[in-house]
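Visitor: Please see the structure below; I have some questions.
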Amino acid sequence: MPCWFTYTEEDRSQLILSGWDGHTVVGQTIPLKRDVDFASFHYKKVSKLEKETMAIEDNCNVHGDVTIPLLEEGKNIGDEENGYTDEKTSGKPSLWMVYLSTFVAVCGSFAFGSCAGYSSPTQTAITKDLSLSLAEYSVFGSILTFGAMIGAITSGLIADFIGRKGAMRTATGFCVAGWLAIFFAKGALSLDIGRLATGYGMGVFSYVVPVFIAEIAPKNLRGALTTANQLMICCAVSVAFIIGTVLTWRTLALTGLIPCAILLFGLFFIPESPRWLAKIGHEKEFEAALQDLRGKGADISEEAAEIRDYIETLERLPKAKMLDLFQRRYLRSVIIGVGLMVFQQFGGINGICFYLSNIFESAGNKIIALSASNKRVPITALNTTVIDKAGRKPLLLVSSTGLVLACILSGTSFYLKDHNLAPSSVPILAVTGILMYIGSFSAGMGAVPWVVMSEIFPINIKGIAGSLATLVNWFGAWAVSYTFNFLMSWSSYGTFIIYAAINAVAIVFVITVVPETKGRTLEQIQAAINA
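Written as structure tokens, this is what we have:
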């Protein structure tokens, strides 16, 4: 039966030396006059005189000292006299810091989307004001991707060296410098330097934001919160597309500074990733960060122990290099992470977006282009509510199946157009196919690969493996954008058949290779994949 343990001032020093924090002793066996398991006791301070004169039956037979039966289950008088109650020490976990940290981090995602969406509504105004040729503006648009590839290569190293928050500050600094260079640009050179700088920031954000969110979120919310990364990118692209039609291109550049300012300010109020702190051996900071994220009343002992054990296991392994990623123990996680990025990009998304903004608008259907762009936002938002319930694999499979059907519809429309068959059906098939493609991509293949990438890599290779996956993603974005015009001139319907075939292979890949990760801790996922 739980009992009160009475102690005097002399006892107190002995208890504290033995591991007592003044309120509770959890899992400690403390040797005094005999071994006592203090985990089963509550404490009440008494004077020495009271202790000597109390003549109550020793119900629990605790080394001859007087004890009093516990009258109220779960009530700790020793805690109360020090200002602590059950409401304070045993309250439900509070996740407000997780939500705040996620909000601050996805401001980086919004900055990413602002960079990506900038060039589409500004092409005419920039080329006219600065007298740029089509080739010069093409360099301005495409150099963003090269900056992102450089950012992707260095993102993992930066995040491992100065932390996840430090990496976000670095990316924000490049974005701010880039936007200012664009705002003050008088010619093509300043534009290109600014665009390259914002591209670098995008590359770093694309890796560090989902990784940071995955490392701070509890397992039951990790998928939804990580998906918020893609949601904010979609929102920012849509916002840039909309307000770019009413603002000047220089003013639009200044709006890109807003999410950067919020992010820099917010980073002062959120903790660093506990897993990164544990990895570099900052034990006190690790526990403090994890406690902040889970709430002051939460018991973090089990989660902290699991993180420590996993990191201790990984620390016994040699420091990972690029070639180490292809060792047997890591190969499956690398294949999953890189493979999903390959299918995400080579399935044609950037080619379709190019078709959307150029073919539709040149045909006078700007409203359709705008609605298709905005369609990604509500569908991605819906993903955040179902990804932790439905799981990652079902969303990927539904998305990939929809992409195959959409590509077939679009390819059929071009085939009919090229052969002058059923001309009245061509616009309907084309619009249906493109809208279906955008919707299907947003339903899974847009966000879920980033969620899975943030979950599957062990922390000792996460930096270098994440950089590789992000680099592959950006290379794919550039390759598809670059080859799209050549493919369309070769065969418009053949282009979409190729994309359909790639997405069909993606279905097989997801079924046979990609694991389900919902409802599991990062350590459980990584241990299972890399066993």
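Heads up: the sequence shown begins at 1305 in this note's numbering, then just goes up one per residue.
Ideal Cβ placement from N, Cα and C applies to all residues, glycine included.
Predicted model only: the values in this text are computed from it and were never measured.
#1: Put D1613 into one of helix, strand or coil per three-state DSSP.
#2: Give the straight-line distance between the Cα atoms of L1686 and I1656, rounded to the nearest whole angstrom.
#3: Using DSSP with H/G/I as helix, E/B as strand and the rest coil, what is V1550?
#4: Using alpha carbons as the reference points, say which of R1696, A1501, V1543 lies closest to T1474.
#5: Taking just the CA atoms, how far does G1467 sit from L1484?
#6: Let me know the secondary structure DSSP gives K1490 once reduced to three states.
#7: According to the Cβ coordinates, are I1640 and V1818 closer than 8 Å?
#8: Whole alpha helix (DSSP H) runs in the segment 1501-1562 with 4 or more residues, listed along the chain?
#9: For S1795, does the three-state DSSP call read helix, strand or coil?
#10: Output yes or no for whether 8 Å exceeds the beta carbon distance between S1714 and F1800.
#11: Using the three-state DSSP reduction, which class does D1628 fall into: helix, strand or coil?
#12: Would you check if the distance between the CB atom of S1418 and the CB atom of P1514 is smaller than 8 Å?
#13: So, at 6 Å on beta carbons, what are the nonlocal neighbours of T1393 in its own chain, with the 5 sequence-adjacent residues on each side left out?
#14: Determine the direct distance from the alpha carbon of R1579 to that of E1827, and round the result to whole angstroms.
#15: Look at the Cβ atom of S1758, then the Cβ atom of S1459, and state whether they are nearer than 8 Å.
#16: Please state whether DSSP places V1818 in a helix, a strand or coil.
#17: Going by beta carbon distance, what residues of the same chain come within less than 8 Å of G1470, once the five residues before and after it are set aside?
#18: How do the segment 1448-1458 and the segment 1775-1783 stand: do at least 3 beta-carbon pairs fall below 8 Å, yes or no?
#19: Go ahead and pull the three-state DSSP assignment for A1751.
#20: Can L1567 and G1412 be called in contact, C-beta distance under 8 Å?
#21: Compute the distance between the beta-carbons of I1763 and K1588, then report whether it is under 8 Å.
#22: Is F1745 close to chain B, meaning its C-beta is less than 8 Å from at least one C-beta of that chain?
#23: By the three-class DSSP mapping on this structure, what secondary structure does G1477 have?
#24: Determine contact between the segment 1804-1823 and the segment 1689-1704, defined as no fewer than three beta-carbon pairs at a distance below 8 Å.
#25: Among the residues of its own chain, which have a CB less than 8 Å from the CB of E1607, if the five just before and after it don't count?
#26: For a test of the three-state rule: what should DSSP assign to L1709, helix, strand or coil?
#27: For T1476, which of M1506, F1465, G1498, F1488 has the nearest alpha-carbon?
#28: With a Cβ-Cβ cutoff of 8 Å, do V1708 and S1717 count as a contact?
#29: Helix, strand or coil for T1774? Go by DSSP, reduced to three states.
#30: Using a Cβ-Cβ cut-off of 7 Å (strictly less than) and excluding sequence neighbours within five positions of V1814, which residues of its own chain qualify?
#31: Once DSSP output is grouped into helix, strand and coil, what is the label at S1728?
#32: State the Cα-Cα distance for the pair F1790 and A1783, rounded to the nearest angstrom.
#33: Can you tell me whether F1761 is buried or exposed, with buried defined as 16 or more other CB within 10 angstroms of its CB?
#34: Output needed for F1444: all residues of its chain with C-beta closer than 8 Å, excluding positions within five of it in sequence on either side, in chain order.
#35: When the distance is taken between beta carbons, is L1556 closer than 8 Å to I1765?
#36: Near A1544, which residues of its chain fall below 6 Å by C-beta distance, leaving aside the five closest residues on each side in sequence?
Guide: Checking against the coordinates, here is how it stands:
#1: Counted from its first residue, the sequence shown places residue 1613 at position 309. Three-state result, D1613: helix.
#2: Here residue 1686 is taken as the residue at index 382 of the sequence shown, counted from 1. Here residue 1656 is taken as the residue at index 352 of the sequence shown, counted from 1. About 22 Å.
#3: As a working note, residue 1550 is residue 246 in the sequence shown. Coil.
#4: In the sequence shown, counting from the first residue as 1, residue 1474 sits at position 170. With distances taken between Cα atoms, T1474 lies closest to A1501.
#5: The sequence position of residue 1484 within the sequence shown is 180, counting from 1. The sequence position of residue 1467 within the sequence shown is 163, counting from 1. Straight-line Cα distance between these residues: approximately 26 Å.
#6: In the sequence shown, counting from the first residue as 1, residue 1490 sits at position 186. Of the three classes helix, strand and coil, the one that applies to K1490 here is coil, per DSSP.
#7: Position 336 of the sequence shown holds residue 1640. Position 514 of the sequence shown holds residue 1818. With respect to the 8 Å criterion, I1640 and V1818 are classified as neighbours on the basis of their beta carbons.
#8: Those alpha helix (DSSP H) runs which fall completely within the segment 1501-1562 and span 4+ residues are 1526-1547, 1553-1559.
#9: What you label residue 1795 is simply residue 491 of the sequence shown in a count that begins at 1. Three-state result, S1795: coil.
#10: Indexing the sequence shown from 1 puts residue 1714 at position 410. Indexing the sequence shown from 1 puts residue 1800 at position 496. A distance below 8 Å separates the beta carbons of S1714 and F1800.
#11: Here residue 1628 is taken as the residue at index 324 of the sequence shown, counted from 1. In the structure shown, D1628 sits in a helix (DSSP, three-state: H, G or I).
#12: Counted from its first residue, the sequence shown places residue 1418 at position 114. Counted from its first residue, the sequence shown places residue 1514 at position 210. No; because the gap between Cβ atoms is not below 8 Å, this pair is not in contact.
#13: On the sequence shown, residue 1393 is found 89 positions in, with the first residue counted as 1. Reliability fails at T1393, whose pLDDT of 40 lies under 50, so the model's placement of it is uncertain and no value is given.
#14: As a working mapping, residue 1827 is identified with position 523 in the sequence shown. As a working mapping, residue 1579 is identified with position 275 in the sequence shown. Rounded to whole angstroms, E1827 to R1579 spans 10 Å at the Cα level.
#15: Locating residue 1758 in the sequence shown gives position 454, counting from the first residue. Locating residue 1459 in the sequence shown gives position 155, counting from the first residue. Taking 8 Å as the Cβ cut-off, S1758 and S1459 do not qualify as a contacting pair.
#16: Working through the sequence shown from its first residue, we reach residue 1818 at position 514. Here DSSP, grouped into helix, strand and coil, assigns V1818 to coil.
#17: By 1-based counting over the sequence shown, the position of residue 1470 is 166. Correct list, in chain order: I1462, A1463.
#18: Between the segment 1448-1458 and the segment 1775-1783, the count of C-beta pairs closer than 8 Å reaches three or more; the two stretches touch.
#19: Against the sequence shown, residue 1751 aligns to sequence position 447. Residue state, collapsed to three classes: coil.
#20: Numbered from its first residue, the sequence shown carries residue 1567 at position 263. Numbered from its first residue, the sequence shown carries residue 1412 at position 108. L1567 places its beta carbon less than 8 Å from that of G1412.
#21: Counting from one through the sequence shown, the residue named residue 1763 turns up at place 459. Counting from one through the sequence shown, the residue named residue 1588 turns up at place 284. No. Outside cutoff.
#22: Here there is only one protein chain, and chain B is not present.
#23: The count along the sequence shown starts at 1 and reaches residue 1477 at position 173. Annotated three-state conformation of G1477 is helix, per DSSP.
#24: Output reads yes: the segment 1689-1704 touches the segment 1804-1823.
#25: To locate residue 1607, count along the sequence shown from 1; it is residue 303. L1594, R1598, T1825.
#26: Locating residue 1709 in the sequence shown gives position 405, where the first residue counts as 1. Helix.
#27: As a working mapping, residue 1476 is identified with position 172 in the sequence shown. For the set M1506, F1465, G1498, F1488, the Cα lying nearest the Cα of T1476 is the one of M1506.
#28: Here the question's residue 1708 lines up with position 404 in the sequence shown. Here the question's residue 1717 lines up with position 413 in the sequence shown. In terms of Cβ geometry, V1708 and S1717 do not form a close pair [threshold 8 Å].
#29: Position 470 of the sequence shown holds residue 1774. Collapsing the DSSP output to three states places T1774 in a helix.
#30: The sequence position of residue 1814 within the sequence shown is 510, counting from 1. Beyond the five residues adjoining it in sequence on each side, V1814 comes within less than 7 Å, by CB distance, of K1697, L1700, L1701, S1704 in the same chain, given in chain order.
#31: Along the sequence shown, one-based indexing puts residue 1728 at 424. In the structure shown, S1728 falls within a coil segment according to DSSP collapsed to helix, strand and coil.
#32: On the sequence shown, residue 1790 is found 486 positions in, with the first residue counted as 1. On the sequence shown, residue 1783 is found 479 positions in, with the first residue counted as 1. Taking the straight line from one Cα to the other gives about 11 Å.
#33: In the sequence shown, counting from the first residue as 1, residue 1761 sits at position 457. So F1761 counts as buried.
#34: One-based indexing of the sequence shown puts residue 1444 at position 140. Take F1444, set aside five residues on each side of it, and the residues of its chain with a beta-carbon closer than 8 Å to its own are S1423, I1430, L1436, A1492, L1495, D1496, R1499, in chain order.
#35: Within the sequence shown, residue 1765 is the residue found at index 461, counting from 1. Within the sequence shown, residue 1556 is the residue found at index 252, counting from 1. No.
#36: Along the sequence shown, one-based indexing puts residue 1544 at 240. Apart from sequence neighbours up to five positions away, the residues of its chain that approach A1544 with a beta-carbon distance below 6 Å are S1418, G1421, Y1422, ordered along the chain.
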